[in-house]
Each structure stands twice: as C-alpha cells, then as structure tokens.
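Quick note on numbering: the sequence shown equals residues 1 to 458 in the working numbering. Glycine is no exception: its CB is placed at the ideal position from the N, C-alpha and C atoms. Notes to accompany the following structure.
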Amino acid sequence: MSTITSEPAESRGRIRPAAPVPTDRLVSRVEAIRLIGKNAVSAWGARTYELLYVYDRNWIQDFLLVNDPEGVKHVLLDNVGNYVKSRQVQRTTGPALGNGLFNADGESWRTQRRTAAPMFSARRVQDFAAPMAAVAEKALSGWRDGETFDAADRMMQLTYKIITHTMFSDDVQLDYRKVAEHFVTYLDTLGRVDLLMMLGLPHWAPTPKRVRAGRAMRFFRHEIGALVRRRAEEIARDPAGAPKDLLTLLLTARDPEGGASFTHDEVYDNVLTFIFAGHETTANTLAWTLYLLSQFPEVDAKVAAEVRAADGDIVRMPYTRQVLEESLRLYPAAPFISRDSVGPDRVGPHDVRGGTSVLISPWLIQRHRKLWKDPDYFDPERFAPGNRERIHRFAYIPFGAGPRICIGMGFAMQEALICLSQIVSRWRLEMVPGHLVATLSRLTLRPEFGLQMTVHAR
1 MSTITSEPAE SRGRIRPAAP VPTDRLVSRV EAIRLIGKNA VSAWGARTYE LLYVYDRNWI
61 QDFLLVNDPE GVKHVLLDNV GNYVKSRQVQ RTTGPALGNG LFNADGESWR TQRRTAAPMF
121 SARRVQDFAA PMAAVAEKAL SGWRDGETFD AADRMMQLTY KIITHTMFSD DVQLDYRKVA
181 EHFVTYLDTL GRVDLLMMLG LPHWAPTPKR VRAGRAMRFF RHEIGALVRR RAEEIARDPA
241 GAPKDLLTLL LTARDPEGGA SFTHDEVYDN VLTFIFAGHE TTANTLAWTL YLLSQFPEVD
301 AKVAAEVRAA DGDIVRMPYT RQVLEESLRL YPAAPFISRD SVGPDRVGPH DVRGGTSVLI
361 SPWLIQRHRK LWKDPDYFDP ERFAPGNRER IHRFAYIPFG AGPRICIGMG FAMQEALICL
421 SQIVSRWRLE MVPGHLVATL SRLTLRPEFG LQMTVHAR
C-alpha cells in the first residue's frame, strides 16, 4: 500500500486549512448517529483517521468502515456486484432523484449508464466548453473591485447558470433564488441522516422534515416536469431544430445494446440528478479552492500566471488542475459513499454478513494518516508529475471509483477549470478578517457559514 507524497513547502506546512479537529472522546452508537446527522465530517474520532477498518456488529445493522485502498477497490470494483446503493441513501435522495443514475441499481443502472455514457464522452464534454466559458464571463463581468460577498453563494449562482444553460440552453425561466431555497430545504431536512431513519422508520411516515422536503420536491417536479414535456413535444415536431443541449441528448439517447430510450420518468430523474450533482458539487469545489488560494498567496500567484499564459486553453493549465485536485482531496464534494452488502463476503480481515452497511469516506481516506504525508495540509505538488504516480488509485476518490465512478467527472473538471481560470486571471480574493470557516456535511460538503470574501482586481 502506497504512502504519498512530497514534503510540503516550508511556507505551506505551517497553515492548516479549516477542518474539524478529531478528538479521542468515545461515544455510544446512538450518540454517533446523532453527531453524524448533525455534521458527519466532525463526528469521527482521531483513531478513525489511522485505522484501515472499523467493524461493528449490532442489533440495528452491521457496519463496516473501509479506509484501506485495497478494501475500497474490492467493494467498488472487484466485487462490485455484491454491494448496492445504501437503502438509507436511497431513502434520503429517492424523493428528489427518483430512480435515475444516482439511485438505480442492477440492470436499470447498467442500462441507464450505457445510454447516458455517450453524452459525457470527451468530445461531447468539449462541445460544452465554449458555452461554459461564455456564461462564466458574463457572470464575472458583474463583479466590482473592492466588493465583499459570500463566495460560496456566488459560486452556487455561477454553477447554477452553467448547468441550466448546458441542460436547457436559453429555454428556462427557473429563478435561482427559488431553486436555491427549495434545494437548501431539501438538504437540511431529508439530506441528512437521523436516528429514526437508522431505525427503519417507514419512508411514508409524515415526519415534519419529510413534509417540508415534500413541498420542495413538488416544486421541482412541477417546474422541471414542464420543461421536459415541452422539449419532448418540440423534438417530436422538429428533431433537427431542437437545441443541442443535455436535455435534448437525454431525450434522444438510445441504449447501444438494445436501442431503448429513456422513459419520461428516467429523463426527469436524471435531469434533477444532473442539476443537483452538477450544481452544488462544482460550486463547493470552486468555493473551497478560492478559500485555499486566499490562504496561500504564492499558490494564487502561480495559478494566476499560468492561466494568463494559457489564454483560455485549459490543457495548458497543469498546475491549476493540481490545485483543484488538491482542493478535492481536502474537501471532497461528496464526502461519503454508502453501500449495503447483498450477500456474505470477506473485506480485508473481516467476514461481512449480507445486509451490512459499508461506508467508504473520501473525507477520511484522503486525510488518512497512514496513506498521506501531512494529510491536513495543502500541497498541490502532491499531484505533480512524479508524485501523482505514487498515489494509490483507491486512496484518492473524490468522484468515486469503479463502474459507478461519477459519469460527469470530465464535465465537472472542465467546468471548474474554466471558472477558476477566469476568476483568478482577473481577481484576487481575500477572506474577511474574523470570518469563521467551517465544514458542513450533508449530501455534499459545503462551507457552513459561507465564505465572506473581498475581491481585488489584479
């Protein structure tokens, strides 16, 4: 098992970017569930960052935490058929994302993945580069030298504009504030684990949280459903005249093995999946990266010099990509991957029973004391040529791994590079003195109190 990377530069090694400080305090399982529901990344004790496995057999559900990259490889690749999406995650995300790519299992997932894969080929993703850049340029033109704003919220607005433009072209009137309000409502209600969920409360039980989440989902179902129906009618009337965006690609995609198209419900579910996954995750990645650049001015200056020299060509931005990759190591957009075992198996030293809850955490693995040198510190040189090759493939999994690796990984990295390069080429951002930076884990990892930053023209 590889340990990783280069020694951090002297000026970097003294600053620890914002993250919970693990403690050795022991808690009961019920207390652990409560802490995880409140903020999962702060619930883990110090030993969890040193152990390769944690296995707990109990009356609720057996639990296995896998930090060993070889164990991760076994669950997500070698014996992937024995591990299905966690029923708890499906209860959490099902009301929003239905049975789209994120939640589907078995043959339904395989068919959807095959059908959607051509949409995210390198060529297709490249086709969206110019629209992404145009949206970013327009959004950034409204920034003013010396103004202070919540950079996390600005990145949410920016990535929302990009995903809605690439999904719907200009055929959309979804108000960002309304979408954000309902999205936050959903994440703050069903988008977290609680004790009742762990104890198997029926999904139909009308708890206050589920009632609030239901209102949010009715909003999305009405607004997005109308857009899907209208575009389907437009394609039926004039296939050649329909916009060449993600929605048209979804509606016209065919399974290469059987020729079947997505059902209306699958289109709707995947539209919401792509909006949620392509909006919140990329926004948080950009926000955390801007925060890191504000803390490390020498890295910020190096990125600014590179992006100016590259003149918009993201292929010529290798160091900027390293910075994004290191940002994703410290602040993975999706900090947890949950699976349930179908049948018995052996993972590392443990015999696992069927029905075991298996947790793989990019947050823990990418800060693990036995896998990374100075894991809590920011060092883009970890991903420089010569160092990158020493990283165990399954010790760095910000987009997951195996057959279910994020289908939009290339899309997301392209978007992040385009947006970050445009920001850094024009602006230098600094944190407002005294602003508290903290991590908050829901389905994604976001700044709990936002990121109050002041922008300065370069």
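Reduced DSSP category for residue i - H, G, I as helix; E, B as strand; rest coil
i      : result
Gly355 : coil
Arg14  : coil
Val347 : strand
Leu201 : With a pLDDT of only 49 at Leu201, under 50, the local geometry of the prediction cannot be trusted, and no value is derived from it.
Pro398 : strand
Ile407 : coil
Pro297 : helix
Val84  : strand
Leu436 : coil
Asp68  : coil
Gly450 : coil
Asp56  : strand
Trp44  : coil
His461 : A question about residue 461 goes unanswered here, because the residues of the chain that appear run from 1 up to 458.
Tyr377 : coil
Leu195 : Only weak support exists for where Leu195 lies, its pLDDT of 48 falling under 50; the value from the coordinates is given anyway. Correct three-state label for Leu195: helix.
Leu35  : helix
Phe120 : helix
Trp288 : helix
Glu415 : helix
Ser276 : First, the residue type needs correcting, since residue 276 is Phe and not Ser in the sequence shown. Correct three-state label for Phe276: helix.
Arg183 : Correcting the residue identity first, residue 183 is Phe in this sequence and not Arg. Three-state result, Phe183: helix.
Ile162 : helix
Ala19  : coil
Glu50  : coil
His392 : coil
Gly386 : coil
Glu234 : helix
Arg144 : coil
Gly312 : coil
Pro494 : Residue 494 lies beyond the range of the chain shown here (1 to 458); nothing can be said about it.
Residue range of the unbroken alpha helix (DSSP H) whose run includes residue i
i      : result
Leu249 : 246-252
Asp150 : Element bounds for Asp150: not the alpha helix (DSSP H) but the beta strand (DSSP E), 148-150.
Tyr319 : 318-330
Trp363 : 362-365
Ser108 : 106-116
Pro131 : 129-140
Identity of the residues DSSP links to residue i by a beta bridge
i      : result
Ala457 : Trp427
Asp340 : Val84, Ser357
Leu445 : Ser441
Phe168 : Note: Phe168 sits in no beta bridge, so no partner.
Phe63  : Asp56, Ser357
Residue i versus the options, residue with shortest Cα-Cα distance
i      : options                        : result
Thr185 : Val455, Arg442, Gly450, Leu451 : Arg442
Ala43  : Ser327, Leu364, Asp351         : Leu364
Ile235 : Leu77, Pro22, Thr248, Pro447   : Thr248
Lys85  : Val342, Phe383, Gly434, Gly142 : Val342
Glu50  : Val41, Arg369, Ala122          : Arg369
Ala130 : Arg110, Ser169, Arg382, Thr263 : Ser169
Pro243 : Thr166, Asn284, Thr273         : Thr166
Arg404 : Glu70, Asn39, Asn79            : Asn79
Val352 : Tyr83, Phe296, Ala333          : Tyr83
Gln157 : Ala283, Val347, Pro380, Pro362 : Ala283
Val72  : Trp427, His435, Phe394, Ser141 : Phe394
Thr263 : Glu147, Asn99, Asp245          : Asn99
His279 : Gln452, Arg14, Met155          : Met155
Met453 : Asp374, Ser294, Trp59, Val125  : Ser294
Asp245 : Ala232, Pro256, Arg237         : Ala232
Gln414 : Ser108, Leu286, Pro375         : Leu286
Supposed contact pair residue j and residue i - C-beta distance, whole angstroms, cut 8 Å
i      : j      : result
Arg339 : Val358 : 5 Å
Ile360 : Leu35  : Contact doesn't hold; Cβ gap of about 19 Å is too wide.
Ile275 : Ile163 : 6 Å
Val455 : Trp143 : 6 Å
Arg446 : Ala152 : 7 Å
Arg254 : Thr115 : 7 Å
Ala180 : Cys419 : 18 Å between Cβ atoms; not a contact.
Ile337 : Val271 : 23 Å between Cβ atoms; not a contact.
Cβ-heavy atom distance, residue i to the ligand MG, below 7 Å
i      : result
Lys373 : As for the ligand MG, it is missing from this structure, which has no ligand bound.
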